[in-house]
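Using this note's numbering, the letters of the sequence shown correspond one by one to residues 1 to 374.
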Amino acid sequence: MAISATTVSNLFNKGGYRLVSKITGQVVPNMPAGAASKTTCIIEHISGKKQTIHRYLNAEGKAVRIIRANSDSNIGTLSDFTWIKPKTRTRDTAMYMEKIDPYAFENYGVSKNTLRYDRKTLDILENSDTVVDIHAPSKTVTKSFASRITPTGKASDGFTDESRLTEIVNGKKTKEIYQRSTGTPDTVNTITETKGFGVTQQELDEATSNPYFYAMFKSPINWIKAVKTQAYANQGIPQTTGFKLTELKDRSSGYYRPKEDTIYINVKPIRKGLIRPCTISTLEHEARHKWQEMLVEKYEKGLLTDPKEIKMAQEFKNNFSNYIPMSQNYKAYETQPVEDDAYKVTDWVYEKYAKAVNYLQRLFPRATRRTLGE
């Protein structure tokens, strides 16, 4: 691809902007995955302020990454784009999807992650995720949006989460559900505002009754990081319990390591698009194991008085000393007391999250389940 440089005249448009220069067809080192070329533009305002825009484009000319920087500010933005095509209909996918996610075979769109950051300190001030889901036959666009605003650049100082799900038909907004909440890395989010458009109060209340609604529309990695506090609270374990995303060598989706007091979650299936009910049930399953350890510790200290809890703690303590790995005997592994107890939690969490997605699908029927937070 040939490099082309353009210098534009001094004429400003009605908005007070002019294109100073534009260079297309660049190929530079360390371009993002999927990028075939780079375009650099410099735009000037009549006030003298300038903005530099770097666009990395794929072979089809669509943006893969856009970086913006202003001459009068240390704040920059970086947006990464993933272009979504309809899923291919096969015998296997059709058997599963045609009933629960029929528009996965028709809808197309784009997902975008944008970071607003301080160019000097590299602190992230806002991390937002947007999905535009297009069903052309009905002229319906479903748009999900989730952001985390961290004013100081330090999450420990507190942040604001926003979640929004919008339906647009023939260019007009027909439905919307919005929620704002605040929190820290070690506290459960506090809901500060919930509102709807084109939905009844009952529908709004039902849709946002899911305790994970505040994070449903974040990208997979942002989502799992955000839901940790709620999962820990659900299982009654300390927020100080460690949490790490890692690439596990075995096929397990996660585990709790008592000696490190840390829950490890396998990041590989998350990156590959494992549905979120599976991931959240894994997280709460492992959090339940932490709770079991805490119950045994209370029993050993003589702090339990409830006969049911005492009996449960005794079973757990004995099981921990005679634990059966999955690789040794799966049936025995699954039915031993600590796993039987944790799987009951897993099943409940999975069903609750899937039910929440099902409800959103009834309210926003032309969207794919991917867009609705699955």
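Idealized CB from N, CA, C, for every residue including glycine.
What you are looking at is a predicted structure, and each value in this text was computed from that prediction instead of being measured.
Taking the beta carbon of residue i as the centre, do at least 16 other beta carbons fall within 10 Å, making it buried, or is it exposed?
i, result
"residue 290", "buried"
"residue 46", "exposed"
"residue 59", "exposed"
"residue 303", "exposed"
"residue 270", "buried"
"residue 95", "exposed"
"residue 28", "exposed"
"residue 392", "Residue 392 falls outside the range modelled here, since the chain spans only 1 to 374, and no answer is possible."
"residue 161", "buried"
"residue 134", "buried"
"residue 226", "buried"
"residue 101", "buried"
"residue 103", "buried"
"residue 382", "No statement about residue 382 is possible, as the shown extent of the chain runs from 1 to 374 and does not include it."
Using 9 Å as the limit for Cβ to Cβ distance, is residue i near chain B?
i, result
"residue 180", "Protein chains in the displayed structure number just one, and chain B is not present."
Taking the DSSP output, what are the residues bridged to residue i?
i, result
"residue 45", "17"
"residue 254", "265"
"residue 372", "Its beta-bridge partners do not exist; DSSP assigns none."
"residue 178", "164, 195"
"residue 242", "262"
"residue 159", "183"
"residue 377", "What the structure shows of the chain is the stretch from 1 to 374, and residue 377 is not part of that stretch, so it cannot be assessed."
"residue 109", "84, 133"
"residue 70", "51"
"residue 143", "132, 166"
"residue 190", "182"
Given this structure, state the Cα-to-Cα distance separating residue i from residue j, to the nearest angstrom.
i, j, result
"residue 376", "residue 177", "Given a span of 1 to 374 for the chain in the structure shown, any question on residue 376 remains unanswerable."
"residue 23", "residue 182", "42 Å"
"residue 218", "residue 224", "9 Å"
"residue 369", "residue 355", "12 Å"
"residue 61", "residue 282", "39 Å"
"residue 105", "residue 89", "6 Å"
"residue 279", "residue 374", "10 Å"
"residue 203", "residue 306", "40 Å"
"residue 308", "residue 317", "14 Å"
"residue 186", "residue 232", "10 Å"
"residue 377", "residue 353", "Nothing can be reported for residue 377, as the shown portion of the chain is limited to 1 through 374."
"residue 257", "residue 296", "15 Å"
"residue 423", "residue 190", "In the structure as shown, the chain begins at 1 and stops at 374. Residue 423 is therefore absent and cannot be evaluated."
"residue 39", "residue 254", "42 Å"
"residue 338", "residue 344", "10 Å"
"residue 91", "residue 110", "26 Å"
Which of helix, strand or coil does DSSP assign to residue i?
i, result
"residue 362", "helix"
"residue 128", "strand"
"residue 271", "helix"
"residue 65", "strand"
"residue 22", "strand"
"residue 11", "coil"
"residue 82", "strand"
"residue 224", "helix"
"residue 204", "helix"
At a threshold of 8 Å, does residue i count as lining the ligand SAH (C-beta to nearest heavy atom)?
i, result
"residue 100", "This structure lacks the ligand SAH, and indeed carries no ligand of any kind."
Original post:
Is it true that the segment 200–218 meets the segment 347–365, where meeting means three or more beta-carbon pairs spaced less than 8 Å apart?
Top reply: yes
**OP:** Would you be able to state if there are at least three C-beta pairs under 8 Å between the segment 113–130 and the segment 59–78?
**Re:** yes
Original post:
Three or more beta-carbon pairs under 8 Å between the segment 139–148 and the segment 165–174, yes or no?
Top reply: yes
Original post:
Okay, do the segment 42–57 and the segment 11–22 touch, 3+ Cβ pairs below 8 Å being the bar?
Top reply: yes
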